[in-house]
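Asker:
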Amino acid sequence: MRLEKSFYLRDDVVQISKDLLGKYLVTEWDQVRTAGKIVETEAYRGPEDKASHAYGNRFTSRTKVMYEEGGLAYVYLCYGIHHLFNVVTGPKGKPHAVLIRALEPVESLDLMLERRGIKKLQPRLTAGPGSLSKAMGIQTAHSGFSLLEGDSPIWLEDRDEPIVPEQIQASPRVGVDYAEECALWNWRFRIKNSKWTSLPK
DNA sequence: CGAATGATCGGCT
DNA sequence: GCCGATCATTCGA
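Take the position in the first sequence, starting the count at 1, then add 17; the result is the number in my numbering.
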């Protein structure tokens with residue numbers, strides 16, 4: 018079933034980041050559905066997190082969706098090439114978000130392969146935030162889309178596959194060395210032994 | 001208005 | 001392992 022609003026509205030984005038492991042990300046553009054199981058995430062805790070786009074409550078046209086009530090998509094372009102998909106969480110006014118970093122492909126693998134221009138199934142299909150967005154057909158134009166409304170083409174599902182704490186491996190986040198002391202926080206979470214994530218630092 | 005900068009990826013060595 | 005791609009966004013002048 019689709020994750021409910023109450024899941025996103027909690028204030029603890031680190032907990033939500035862990036809870037998202039084992040959930041499913043689904044997109045359905047023009048009746049064509051692709052889905053993947055979330056196996057790697059990173060938490061970005063708004064104002065106090067130097068690695069966040071919303072550090073110090075920075076408010077711009079790009080980051081404004083992070084300040085909305087949880088349950089929206091935040092998508093932005095990185096290195097001019099990659100579309101990175103985040104889930105906005107927390108109550109309105111708290112710019113918290115979770116970056117989805119890797120998926121285990123589950124539905125319509127052929128379409129994902131085609132979107133990525135890859136012939137053979139391999140982890141590189143959906144490992145890495147830019148790669149999974151491409152495989153799922155997610156672009157910056159989808160930033161601000163609701164994950165909750167019934168007619169939304171993108172959402173998250175709970176398929177009743179709980180992840181126990183022993184399966185979760187925490188490590189420092191990727192690519193945020195500039196964030197000083199925040200770069201040391203173990204806010205990257207992955208499912209242990211999953212073939213569909215890259216190795217932790 | 002111009003310049004710098006990435007929450008990265010994939011190809012090549 | 002390293003390196004170049006490639007452009008929206010941001011900030012300062």
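All residues carry an ideal CB built from backbone N, CA and C; glycine is no exception.
1. Rounded to whole angstroms, what's the CA-CA distance from Ala114 to Arg176? Just pull it up for me.
2. Within a Cβ cutoff of 6 Å, which residues of the same chain sit near His159, ignoring the five residues on either side of it in sequence?
3. Rounded to whole angstroms, what's the CA-CA distance from Ser150 to Gly73? Just pull it up for me.
4. According to DSSP, is Tyr96 part of a helix, a strand, or is it coil?
5. Whole angstroms are fine: how far does the CA of Asp47 sit from the CA of Asp36?
6. Taking the CB atoms as reference points, tell me whether Ala68 and Arg190 lie closer together than 8 Å.
7. Spatial neighbours of Val49 within its chain, please: CB distance less than 8 Å, with the 5 preceding and 5 following residues excluded, ordered by chain position.
8. Using a 10 Å radius around the Cβ and a threshold of 16 neighbouring Cβ atoms, would you call Glu221 buried or exposed?
9. Please work out which residues of its chain come closer than 7 Å, Cβ to Cβ, to Glu85, disregarding the five sequence neighbours upstream and downstream, and give them in chain order.
10. Taking just the CA atoms, how far does Tyr195 sit from His100?
11. So the candidates are Ala60, Gly39, Glu45; which of them puts its Cα closest to the Cα of Phe162?
12. Three-state secondary structure (DSSP) at Gly108?
13. Taking only runs of the beta strand (DSSP E) that begin and end inside the region 22 to 60, which ones reach a length of at least 3 residues, in chain order?
14. Is Asn103 buried or exposed, if buried means 16 or more other CB atoms sit within 10 Å of its CB?
15. Residues in the same chain with beta-carbon distance under 8 Å from Gly154, minus the five sequence neighbours each way, listed in chain order, please.
16. Can you list, in chain order, the stretches of the beta strand (DSSP E) that have 3 or more residues and sit fully within the region 166 to 194?
Answerer: Working from what's here:
1. 22 Å
2. Ala90, Val92
3. If you take the alpha carbons of Ser150 and Gly73, they lie about 28 Å apart.
4. coil
5. 29 Å
6. The beta carbons of Ala68 and Arg190 sit closer together than 8 Å.
7. Contacts found: Ser125, Leu128.
8. Since the displayed the chain opens at 18 and closes at 218, residue 221 lies outside it and no answer follows.
9. Val105, Lys109
10. 21 Å
11. Glu45
12. It should be noted that the sequence gives Pro, not Gly, for residue 108. Coil at Pro108, not helix or strand.
13. 41 to 46
14. It counts as buried.
15. Taking C-beta separations shorter than 8 Å and ignoring five residues to either side along the sequence, the partners of Gly154 in its chain run Thr44, Trp46, Thr51, Arg132, following chain order.
16. 171 to 174, 185 to 188
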